[in-house]
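Right, one structure below, let's go through it.
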Amino acid sequence: MTDIDDLLAELGEFEMDPAFKRQLRESLRSRSMQLPEAAQRSQPTRPTRRATGTALSAALAGVLLVGFSVMVFWLQANAASGPRFFQEVQAERLPEFETPPEPADLPGGSLWRNLTLAEARQAASFTLLEPAVPPGWRYAGAQVSAGGAVVTLNYRPDRGTLAIVTQQLRRGPGPDRLPVGDQTTVQRVQIGDQTAEYVEGAWNQPLEPLPIFSVDDMLEAAPYWDAATEKQTLRWQHGRYLLTLQIEPALSQQAIIQLAEELYP
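Here our numbering is used: position 265 in the sequence shown is 272, and no number is missing along the way.
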């Protein structure tokens, strides 16, 4: 029994004219024989949309597979050179930012870390003249230049900061005039029987180096004169020493002179 007979058997429950049933059977058989031929004629000339989508999907999958294979091959070939590349870049870029070992001299000439008073005495190239610090002041570390010729002692008074720079004078001409910025007037004042130099302002050191041309070429920024700061500078000769006081915030001129006389009576 064919599929057409099965279909007619299922339709048998409906009341149908015998002649109509025979005509329906012949018509269905004729149609069933024509459909395969029509499908064969139409298939080569115009592919269906589903067939076209399947072909494109297969082509895309092939391209992705080839690209993935190339990437895996490249990674395997460069597995050893990859870490070496990053190590070389780090070796070229990072030395400027490495922490120097202790103790170490910075390009500016002073020890990079704060020293205790005992360490400052040992690092100085002369017998350090220590100030008579008033009670309540806190010692805040020292810096010593390369070779120990200049010592800076830092203190924290009741408020503000005080830096005392000490140099030992040698035989010969006296010290040069106090270097200051342009359009800054240095006043002559008296500390005991000594003539001192007083000025409002101070030299400041930039916190960051200046980049020159590229990151590889770093140049330490030169100190600059800051006339707008509240710092005051007082310099005078005390025996064999040249002393410089820098205090912030500013005091009156008479107050800083009195402080200098108390620190070094």
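Even for Gly, the Cβ is constructed at its ideal location relative to N, Cα and C.
Of the listed residues the options, nearest to residue i (C-alpha basis)
| i | options | result |
| --- | --- | --- |
| Gln261 | Pro164, Glu204, Glu126 | Glu204 |
| Gly167 | Thr251, Arg145, Ala153 | Arg145 |
| Thr251 | Leu270, Arg128, Phe133 | Leu270 |
| Val193 | Arg29, Pro142, Trp243, Glu268 | Trp243 |
| Leu122 | Ser132, Pro230, Val158 | Val158 |
| Gln175 | Ser152, Gln197, Thr191, Leu169 | Ser152 |
| Ala170 | Glu33, Leu266, Gly199 | Leu266 |
| Arg177 | Thr236, Gly154, Gly246, Ala234 | Gly246 |
| Ala6 | Gln129, Gly143, Ala257 | Because the chain spans 8 through 272 in this model, residue 6 falls outside it and cannot be assessed. |
| Trp210 | Thr134, Glu237, Glu33 | Glu237 |
Residue i, buried or exposed, once every other Cβ within 10 Å from all chains shown has been counted against 16
| i | result |
| --- | --- |
| Gly208 | buried |
| Thr202 | exposed |
| Ala111 | With a pLDDT of 36 at Ala111, under the threshold of 50, the modelled position of that residue is not reliable, and the figure given next carries that caveat. So Ala111 ends up on the exposed side. |
| Leu2 | This structure cannot settle anything about residue 2, because the visible part of the chain is limited to 8 through 272. |
| Gln239 | buried |
| Ser132 | exposed |
| Ala127 | buried |
| Leu217 | Model confidence at Leu217 stands at a pLDDT of 46, short of 50, so the residue's coordinates are unreliable; what they give is reported in the following sentence. Exposed, since its Cβ has fewer than 16 Cβ neighbours within 10 Å. |
| Val96 | Confidence is the limiting factor: at Val96 the pLDDT is only 39, short of 50, which leaves the residue's position unreliable, though a coordinate-based value still follows. Exposed: under 16 other Cβ atoms inside 10 Å. |
| Pro272 | exposed |
Any non-hydrogen atom of the ligand COA within 8 Å of residue i CB
| i | result |
| --- | --- |
| Gly148 | The ligand COA is absent from the structure shown, which contains no ligand whatsoever. |
Beta-carbon separation (whole angstroms), residue i vs residue j, contact threshold 8 Å
| i | j | result |
| --- | --- | --- |
| Ile254 | Ile263 | 6 Å |
| Thr173 | Tyr231 | Not confirmed; about 23 Å, so no contact. |
| Gly199 | Glu268 | 6 Å |
| Thr191 | Ala147 | No, Thr191 and Ala147 are not in contact; Cβ-Cβ is about 27 Å, not under 8 Å. |
Any chain D beta carbon closer than 9 Å to residue i
| i | result |
| --- | --- |
| Ser259 | Included in the structure is just one protein chain, with no chain D present. |
Are the segment 161-175 and the segment 138-148 touching, with three or more C-beta to C-beta distances below 8 Å? Contact holds: three or more Cβ-Cβ distances are below 8 Å.
Ordered list of alpha helix (DSSP H) runs contained in the segment 112-159, each at least 4 residues: Listed in chain order, they are 124-130.
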